[in-house]
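Here is the structure we will look at.
Residue numbers (the working numbering): 38 to 295.
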């Protein structure tokens with residue numbers, strides 16, 4: 038059973054979520070680019086037809102609006118490009134956080150009862166100065182060191198998992214943002230299919246995209262802050278690593294060395 042903040046479930050549950058979100062981000066990005074291109078083509082191909090109706094100045098204003106929309110869309114696509122280029126380290130973080138539990142914490146924590154147990158029942162009757170020294174000076178530090186090493190492994194796993202989970206949240210949130218943006222651009226492209234509706238399609242899209250991008254990038258920024266803060270906690274990792282309270286001279290427990 039995992040402790041507070043430690044990885045829960047199976048790593049594949051989290052890595053699959055990242056893989057799915059990354060695939061969706063790529064697909065939604067392609068859709069956004071294609072549908073926005075269609076919208077631009079609709080206006081440019083029909084500018085000659087619209088100019089006498091709404092005026093050349095209005096057509097020029099619509100082209101400027103499309104440029105503004107493109108800049109806002111590019112903000113999201115640039116973020117998506119970074120995620121697509123660096124999704125592998127996120128999956129590695131997830132796997133490593135679980136690995137610390139199974140490869141370090143679990144076996145080391147299992148040493149604690151083994152250290153306290155006598156190799157044979159006859160040692161229960163062991164007496165004398167050597168026995169006293171072992172029971173008072175050797176055994177307690179070994180038990181404490183093994184327990185401390187287990188706790189450190191759990192702490193590092195928790196730290197890694199915190200960063201990984203924030204990255205998972207970021208990627209899945211970005212996927213949602215891309216889905217919403219793709220839907221708005223697709224609606225505008227369809228609406229612009231009726232040439233007379235091109236001005237309204239562009240105007241509506243400008244309003245929707247502006248609100249969506251501003252709000253969602255702020256939300257993504259909040260998640261990114263969590264990632265940054267978790268990374269800054271590396272100082273605590275170093276502090277925990279160099280703490281020799283239970284590791285005199287920096288040595289590992291004898292049971293681990295053996």
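Glycine included, C-beta positions come from ideal geometry on N, C-alpha and C. From a predicted model like this one, the values you see are computed outputs, not experimental measurements.
Nearest in C-alpha terms to residue 72, of all of 103, 263, 266, is 103. Contact between the stretch 209-223 and the stretch 179-193 is not established, with fewer than three Cβ pairs separated by less than 8 Å. Non-local C-beta neighbours of residue 47 in its own chain, meaning closer than 6 Å and more than five positions away in sequence, are absent.
Here residue 116 really is in contact with residue 211; their C-beta atoms are around 6 Å apart, less than 8 Å. Residue burial annotation: residue 236 is buried, with at least 16 other C-beta atoms found within 10 angstroms of its C-beta. In the three-state reduction of the DSSP assignment, residue 229 falls in the coil class.
Rounded to the nearest whole angstrom, the C-alpha separation of residue 228 and residue 199 is 44 Å. In chain order, 228 place their CB closer than 8 Å to the CB of residue 234, counting only its own chain and leaving out the 5 sequence neighbours on each side. Nearest neighbour of residue 239 by Cα position, chosen from 86, 193, 78, 141, turns out to be 78.
Residue 121 and residue 63 do touch by the CB rule: their CB atoms are close to 6 Å apart, below 8 Å.
Look at residue 92 here: in three-state DSSP terms it is coil, with no helix or strand label.
Taking the CA atoms as reference points, residue 204 sits about 40 Å from residue 98. Each of 166, 172, 186 was checked against the Cα of residue 138, and the nearest Cα belongs to 186. Around the CB of residue 86, fewer than 16 other CB atoms lie within 10 Å, so the residue is classed as exposed. A check of alpha carbon separations from residue 135 across 51, 112, 123, 232 identifies 51 as the nearest.
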